[in-house]
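> My questions will all concern the structure given below.
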Amino acid sequence: MKKLLIRLIPENIYQSLEKAANYAERSLEGHARYILTQSVESQKNISGGERYQQEITERLNKVLPIVNKVRREPPLTPAKLAELLGHQDALAAENWFTGNEVPGFRDLNNLSGLLGCCAEWLKFGERVPFPMSSQSRINWKGGSSEDVDALLAPDAKGNPVTFIRIIRLTNSAGNVLILREFKDTLSTDFFYTNLHLSEEIGNGGFHDLADFLVILQELYSRYIKGDFFVKSYDLSENDLSHYYREGHCHPHYLIEHGCQESVWWEDIWHAEMLERRGQNGYYFWKGDKALIERLHDYLVEKKRLKSADELEMDRLGLPG
Numbered sequence: 124m125k126k127l128l129i130r131l132i133p134e135n136i137y138q139s140l141e142k143a144a145n146y147a148e149r150s151l152e153g154h155a156r157y158i159l160t161q162s163v164e165s166q167k168n169i170s171g172g173e174r175y176q177q178e179i180t181e182r183l184n185k186v187l188p189i190v191n192k193v194r195r196e197p198p199l200t201p202a203k204l205a206e207l208l209g210h211q212d213a214l215a216a217e218n219w220f221t222g223n224e225v226p227g228f229r230d231l232n233n234l235s236g237l238l239g240c241c242a243e244w245l246k247f248g249e250r251v252p253f254p255m256s257s258q259s260r261i262n263w264k265g266g267s268s269e270d271v272d273a274l275l276a277p278d279a280k281g282n283p284v285t286f287i288r289i290i291r292l293t294n295s296a297g298n299v300l301i302l303r304e305f306k307d308t309l310s311t312d313f314f315y316t317n318l319h320l321s322e323e324i325g326n327g328g329f330h331d332l333a334d335f336l337v338i339l340q341e342l343y344s345r346y347i348k349g350d351f352f353v354k355s356y357d358l359s360e361n362d363l364s365h366y367y368r369e370g371h372c373h374p375h376y377l378i379e380h381g382c383q384e385s386v387w388w389e390d391i392w393h394a395e396m397l398e399r400r401g402q403n404g405y406y407f408w409k410g411d412k413a414l415i416e417r418l419h420d421y422l423v424e425k426k427r428l429k430s431a432d433e434l435e436m437d438r439l440g441l442p443g
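In the numbering used here, the protein residues as written are 124 to 443.
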């Protein structure tokens, strides 16, 4: 027989256990052993359907508080979800969260859309609540306007982009991540790009970064006259792991609690802005100056960046 010593039992739990033991005419230790045994044995005896129902309830109760932390509107409740799903009453939805009913796949798919979480995770426990997309090359068209079109493309349901968030990891590789947000949904498109904003690049990586600066300039031209927002950030590898990889938070929560906003996306391609910034031996992060200047020399030589006059014409909406 194995022994188990349990410490730091809350006072109210201890008192309830003691009361139940007296009622059952058992010793305190004997009653605790009885409850533990019954709990373990009951899990062995539940049916497959009961187990699936428990798992769905656990996942629903896990994801709802996560989502409510990042919503700008009043918190979602089971009753509000029922209304959004088109139900006539809240009874079934309330029962989903208490483990007394299980939603069908159609409702689970619709719930995943409302909550912005992964449908496969909600239905089957596969993957994670808010997974990243696979790594994406953002300069398939060589930094042309078509690459910007792809960044601004709507989601699979046709919801337009409302926010582009560009994140540079502060690790030695300087990985670049992008988070795309869409109108009227908590679903996002979050992915690693093929880019590394650091010296840890070869010739191919250098030309990818050159395309990236051209993409950022074109994105800026559209941003100043568009109905979407763009921001850039720095993020440590530790915070990415703590909040997202291990904490499974919504990407919005990662932005709010892990990222540090920086204006690098709108200045890194802008020669005049760089002149104002380079007084401390670097522009945005230590060690960036040589790389950024090489990129600018290359882009000027190839005449790939718009002039200040062209940018002003874009801002005013005048034809080129």
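The C-beta atom is built at its ideal place from N, Cα and C for all residues, glycine as well.
Here the structure is a predicted model, which is why all the values come from computation and not from measurement.
Please check the pair Leu86 and Ser355, which I expect to be a contact at CB under 8 Å, by giving their CB distance rounded to whole angstroms.
This structure cannot settle anything about residue 86, because the visible part of the chain is limited to 124 through 443.
> Are the beta-carbon atoms of Arg438 and Ile347 separated by less than 7 Å?
Yes, the Cβ-Cβ distance between Arg438 and Ile347 is below 7 Å.
> Given this structure, state the Cα-to-Cα distance separating Gly265 from Tyr405, to the nearest angstrom.
For Gly265 and Tyr405, the distance between alpha carbons rounds to 27 Å.
> Apart from the five residues just before and just after His380, which ones in its own chain have a Cβ nearer than 7 Å to its Cβ?
If we look at His380 and ignore the five residues flanking it on each side, its Cβ neighbours are Tyr366.
> Which value, in whole angstroms, describes the spacing of the CA atoms of Asn262 and Leu336?
Distance between the alpha carbons of Asn262 and Leu336 is about 10 Å.
> Along the chain, which unbroken stretches of the alpha helix (DSSP H) at least 4 residues long are found entirely within the stretch 211-259?
For the stretch 211-259, whole alpha helix (DSSP H) runs of length 4 or above, ordered along the chain, are 214-221, 228-238, 242-247.
> Using the C-alpha atoms, what's the distance from Leu237 back to Glu196?
Those two C-alpha atoms are separated by around 13 Å.
> Could you give the C-beta distance for Thr308 and Asn282, rounded to a whole number, given that I count them as a contact under 8 Å?
Right, their Cβ atoms sit about 5 Å apart.
> Do you know whose CA, among Pro277, Gly328, Glu181, lies nearest Trp244's CA?
The shortest C-alpha separation from Trp244 is found at Glu181.
> Glu395 to Glu389, Cα distance in whole Å?
Distance between the alpha carbons of Glu395 and Glu389: 11 Å.
> Only counting the same chain, and skipping five residues up and downstream in sequence, which positions put a Cβ closer than 6 Å to that of Ser359?
Cβ neighbours of Ser359 beyond the five flanking positions: Thr293.
> Should Arg291 and Val299 be called a contact, given that it needs their Cβ atoms to be closer than 7 Å?
Yes. Within cutoff.
> Have a look at the DSSP bridge pairing and note the partners of Ser267.
Per DSSP, none; premise fails for Ser267.
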